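Residue numbers for the sequence shown follow our numbering, so the first one is 24 and each next one is one higher.
The C-beta atom is built at its ideal place from N, Cα and C for all residues, glycine as well.
Here the structure is a predicted model, which is why all the values come from computation and not from measurement.
Below: one structure, written as structure tokens.
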Amino acid sequence: MREVYDAFARGKIPVAIAKFSPDVIWEESNAPGIAWGGIQRGIHEIFENVFMKILANFSHFDILPEEYLSADDKMVISGTLRARSHNGREFEAPFVHIATFQGGKITRFRVFYDTTMMVKSLEAS
């Protein structure tokens, strides 16, 4: 998992995505105001409905993992999310990701963070 976060941090999206199963399921809050929320199936949906929408809303988006805990086929990653929306608002919040693996690939990825803080950072100034 460290290589996935490192690849994302360096902008090497194809390297990071290579660690995901082609039919991976990505689950994220579908709270009002989170344009990329909900359940995405497959790398194409994740790229279009999560990554591209995050880029459309933020000028800066850092995911800083701090802890990796693994058991059986799962890994829990916690850390800090730092971002700046295109309107200039910044926020920092803890996150938790839960990755499920099969055959060395991520088959399910669940994302948890403070959606209220995220939505407030996206509101017009």
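For residue i, which residues of its own chain have a beta-carbon under 8 Å away from its beta-carbon, when the five flanking residues on both sides are left out?
{"i": "residue 102", "result": "86, 87, 88, 89, 90, 117, 118"}
{"i": "residue 57", "result": "51, 138, 141, 142"}
Starting from the C-beta of residue i, find all residues in its chain whose C-beta is less than 6 Å away, skip the five residues before and the five after it, and write them out in chain order.
{"i": "residue 46", "result": "65"}
{"i": "residue 53", "result": "60, 61"}
{"i": "residue 144", "result": "108, 112, 114"}
{"i": "residue 48", "result": "64, 131"}
What's the call for residue i, buried or exposed, on a 16-neighbour Cβ count within 10 Å?
{"i": "residue 82", "result": "exposed"}
{"i": "residue 70", "result": "exposed"}
{"i": "residue 100", "result": "buried"}
{"i": "residue 36", "result": "exposed"}
{"i": "residue 106", "result": "buried"}
{"i": "residue 122", "result": "buried"}
{"i": "residue 141", "result": "buried"}
To the nearest whole angstrom, what separates the beta carbons of residue i and residue j, a pair I think is in contact under 8 Å?
{"i": "residue 124", "j": "residue 96", "result": "5 Å"}
{"i": "residue 59", "j": "residue 73", "result": "4 Å"}
{"i": "residue 43", "j": "residue 128", "result": "6 Å"}
{"i": "residue 51", "j": "residue 134", "result": "4 Å"}
Would you say residue i touches the ligand NAD, meaning its beta carbon is less than 7 Å from a heavy atom?
{"i": "residue 51", "result": "Annotation note on the ligand NAD: not contained in the displayed structure, which lists no ligands."}
Leaving out the 5 sequence neighbours to the left and right, which residues in its chain are closer than 7 Å to residue i when beta-carbon positions are compared?
{"i": "residue 40", "result": "66"}
{"i": "residue 28", "result": "86, 88"}
{"i": "residue 24", "result": "91, 98, 100, 122"}
(Q) Quick check on the DSSP output: what are the complete alpha helix (DSSP H) runs of length 4 or more inside the segment 48 to 103, in order along the chain? (A) Taking 4 residues as the minimum length, the alpha helix (DSSP H) runs contained wholly in the segment 48 to 103 are 66 to 69, 75 to 80, in order along the chain.
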